[in-house]
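Structure first, commentary second.
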Amino acid sequence: MQNWGEAGLLDHCESLRSDATWVAAQWASPQALLLAVDELGRVSAGEGLTVPEQSPHGAYDAQRHFLLGLAAGRPVFVQAGETDAMASLRELMPVLDDADRELVVKAVALVNWHRTSPHCSVCGSLTVVTSGGLVRYCGGCRRERFPRSDPAIIVAVVDADDRLLLGHQVAWPTGRMSILAGFVSAGESLEMAVHREVGEESGLRLSSVRYVGSQPWPLPRSLMLGFVARAAGTRIEVDGVEIEHARWFTREELTAAEDAGEVSLPGSASIASRLVAEWRSGELPAPEG
Ligand SMILES: [Zn+2]
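Rendered as structure tokens:
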């Protein structure tokens, strides 16, 4: 699985995309590809969960057709809408290759942002799409508005014996468990968010926190920042509001619970799955303390 730690494969065409004539010519290219993203954040999919070979058709409309960039030299556009076959990121991400996975995640993120950002967040004026779809311009305050991401932390908490903490959210089906996560609050560092969320949800204090890596999760617009942390103790007190119950697992206990059908872990598209897998195989960088 892609760990999102490498350079992206898509060329954003930063120096060319402000030229509307050039963008329109990309739309008309026989090589061009058009993806659609619906209101549920699903992407148009080809047979067998692939990126479909659909070419743009009709006249180019800068307000509706957004250029993601060039993928191996091929222009890729995205628009809000639906086709006959739509698939979720959860379905697509585990089966696509790195290049296509990057495309669909960026497609969903960009369309979600345009869909929710027609007005300027400062003065309320209606904004217009510029720069081939990566910017919205506000004529009211004469400022450019850029796509936003909401930072959220996700943390593999381990104890002194390298057991992993897994929690069950109130809203989840029985048996589903994962590591703890939460949004970064206003005026907070990522590390502060890790300490606060773990404290709120499990009652645990942390002796050390270490950054591991990040992953975009554009449903609707999160950027997941993964950490590993060492708990200062082992006594768990869940909040009962978000987390219903939580417990420590050794690797053997987790495998046995999964085999018995008592625990199901996050799908392989998520950074949660990656952090749990790295803890399992001993590859997760050990936090100090
Ligand atoms: Zn404005």
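The opening position of the sequence shown corresponds to residue 529 in my numbering, with each subsequent residue numbered one higher.
Note that the Cβ used here is the ideal one computed from N, Cα and C, for glycine as well.
Keep in mind that this is a model prediction, so the values were computed, not measured.
Going by beta-carbon coordinates alone, are residue i and residue j separated by less than 8 Å?
{"i": "leucine 734", "j": "proline 679", "result": "no"}
{"i": "arginine 691", "j": "proline 815", "result": "no"}
{"i": "proline 794", "j": "alanine 637", "result": "no"}
{"i": "isoleucine 681", "j": "alanine 699", "result": "no"}
{"i": "alanine 774", "j": "leucine 654", "result": "no"}
{"i": "valine 823", "j": "leucine 537", "result": "The structure shown has nothing for residue 823, since the chain only spans 529 to 817."}
{"i": "isoleucine 499", "j": "alanine 800", "result": "Residue 499 is absent from the model: the chain starts at 529 and stops at 817."}
{"i": "alanine 560", "j": "proline 622", "result": "no"}
{"i": "tryptophan 555", "j": "phenylalanine 605", "result": "yes"}
{"i": "valine 571", "j": "glycine 660", "result": "no"}
Does DSSP put residue i in a helix, a strand or coil?
{"i": "leucine 631", "result": "helix"}
{"i": "histidine 723", "result": "helix"}
{"i": "methionine 529", "result": "Residue placement at methionine 529 is flagged as unreliable, the pLDDT there being 43, under the threshold of 50; a coordinate-derived value is accordingly withheld."}
{"i": "threonine 644", "result": "helix"}
{"i": "tryptophan 745", "result": "strand"}
{"i": "serine 554", "result": "The identity of residue 554 in the sequence shown is glutamine, whereas the question assumes serine. In the structure shown, glutamine 554 sits in a helix (DSSP, three-state: H, G or I)."}
{"i": "leucine 793", "result": "coil"}
{"i": "arginine 808", "result": "helix"}
{"i": "leucine 563", "result": "strand"}
{"i": "threonine 702", "result": "coil"}
{"i": "glycine 661", "result": "helix"}
{"i": "threonine 611", "result": "coil"}
{"i": "leucine 803", "result": "helix"}
{"i": "threonine 783", "result": "helix"}
So, under 8 Å CB-CB, residue i and residue j are touching, yes? Tell me the CB distance rounded to an integer number of Å.
{"i": "valine 756", "j": "leucine 812", "result": "5 Å"}
{"i": "alanine 759", "j": "leucine 718", "result": "Alanine 759 to leucine 718, Cβ: 18 Å. No contact."}
{"i": "proline 584", "j": "leucine 562", "result": "4 Å"}
{"i": "glycine 741", "j": "glycine 533", "result": "5 Å"}
{"i": "alanine 608", "j": "valine 565", "result": "6 Å"}
{"i": "alanine 721", "j": "serine 730", "result": "14 Å between Cβ atoms; not a contact."}
{"i": "glycine 569", "j": "leucine 617", "result": "7 Å"}
{"i": "alanine 573", "j": "alanine 615", "result": "4 Å"}
{"i": "aspartate 767", "j": "glutamate 728", "result": "6 Å"}
{"i": "cysteine 648", "j": "arginine 673", "result": "6 Å"}
Would you report the Cα separation of residue i and residue j, rounded to the nearest angstrom?
{"i": "leucine 544", "j": "phenylalanine 594", "result": "14 Å"}
{"i": "alanine 613", "j": "leucine 620", "result": "12 Å"}
{"i": "aspartate 547", "j": "aspartate 539", "result": "16 Å"}
{"i": "valine 683", "j": "proline 744", "result": "15 Å"}
{"i": "lysine 634", "j": "isoleucine 771", "result": "31 Å"}
{"i": "arginine 818", "j": "alanine 590", "result": "Look at the range of the chain in this structure, 529 to 817, and you will see that residue 818 is not part of it."}
{"i": "valine 791", "j": "valine 804", "result": "13 Å"}
{"i": "alanine 788", "j": "threonine 702", "result": "14 Å"}
{"i": "glycine 667", "j": "valine 686", "result": "51 Å"}
{"i": "methionine 529", "j": "leucine 751", "result": "For methionine 529, the predicted structure reports a pLDDT of 43, less than 50, and the residue's modelled location is therefore unreliable. The matter cannot be settled from this model."}
{"i": "threonine 549", "j": "serine 645", "result": "25 Å"}
{"i": "alanine 627", "j": "arginine 763", "result": "44 Å"}
{"i": "arginine 629", "j": "glutamate 780", "result": "32 Å"}
{"i": "glutamate 575", "j": "threonine 778", "result": "41 Å"}
{"i": "valine 650", "j": "glutamate 806", "result": "42 Å"}
{"i": "glutamine 582", "j": "cysteine 541", "result": "21 Å"}
{"i": "alanine 827", "j": "proline 748", "result": "Coverage of the chain is limited to positions 529 through 817, which leaves residue 827 absent and any answer about it impossible."}
Closer than 7 Å to a non-hydrogen atom of ligand 2 - does that hold for the CB of residue i?
{"i": "valine 656", "result": "Ligand 2 is not part of this structure, which contains only ligand 1."}
Can residue i be considered in contact with ligand 1, in the sense that its beta carbon sits closer than 7 Å to one or more heavy atoms?
{"i": "arginine 664", "result": "no"}
{"i": "arginine 775", "result": "no"}
{"i": "arginine 671", "result": "yes"}
{"i": "valine 650", "result": "yes"}
{"i": "serine 653", "result": "yes"}
{"i": "glycine 668", "result": "yes"}
Using a Cβ-Cβ distance under 8 Å, would residue i count as near chain D?
{"i": "serine 792", "result": "In the structure shown, chain D cannot be found, because there is only a single protein chain."}
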